[in-house]
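J.: So for the sequence shown, my numbering puts the first residue at 168; every next one is plus one.
Don't be surprised by glycine CBs; every beta carbon is placed ideally from N, CA and C.
As the structure is a computational prediction, the values presented were derived from the model and not from experiment.
One structure coming up, written as structure tokens, with questions to follow.
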Amino acid sequence: VGLVNRVVADDLVQQETYVLAARVAKSAPLVNRWHKKFIRRLADSKPLADEEVHESYEAFGTKDFRRGYRAFLGKTDPNFEGD
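Pasting the structure below:
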């Protein structure tokens with residue numbers, strides 16, 4: 168997406184890239200897709216259409232959301248499945 172979230176020494180770039188990629192890969196796939204889509208969309212100055220606002224809440228109805236919520240409450244790591 169083009170966002171910088173940390174600065175590391177040159178010799179640590181590859182290592183930190185793999186750490187970040189592993190973290191993203193473990194997270195909820197549907198939410199990753201929605202985040203990427205909405206970050207790109209919000210770069211446009213037009214207001215969101217009603218459908219886009221509705222879509223932004225769809226993640227809360229997924230099984231992965233429930234898994235993540237339960238894992239958070241139980242202080243465990245979630246096992247996301249993309250549903």
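Quick one: what does DSSP say Lys213 is sitting in, helix, strand or coil?
T.: Three-state DSSP puts Lys213 in coil, outside helix and strand.
J.: Distance check for Ala238 and Arg208, CA to CA, integer angstroms please.
T.: So the two alpha carbons sit approximately 30 Å from each other.
J.: Is the CB of Val174 under 8 Å away from at least one CB in chain B?
T.: Among the chains in the structure shown there is no chain B, since it carries only a single protein chain.
J.: On the premise that Asp211 lies in contact with Tyr230, defined as a C-beta separation below 8 Å, what is that separation, rounded to the nearest angstrom?
T.: Here residue 230 is Lys; the residue named in the question, Tyr, does not match the sequence. Contact doesn't hold; Cβ gap of about 31 Å is too wide.
J.: Just reading off the alpha helix (DSSP H) that Gly235 is part of, what are its end residues?
T.: Element bounds for Gly235: 230-241.
J.: Are the Cβ atoms of Val246 and Arg234 separated by less than 8 Å?
T.: Note on residue identity: the sequence assigns Asn, not Val, to residue 246. It is a contact, given that the beta carbons lie within the stated cut-off.
J.: Can you tell me which of the three DSSP states Ala195 falls into?
T.: If DSSP states are grouped into helix, strand and coil, Ala195 belongs with coil.
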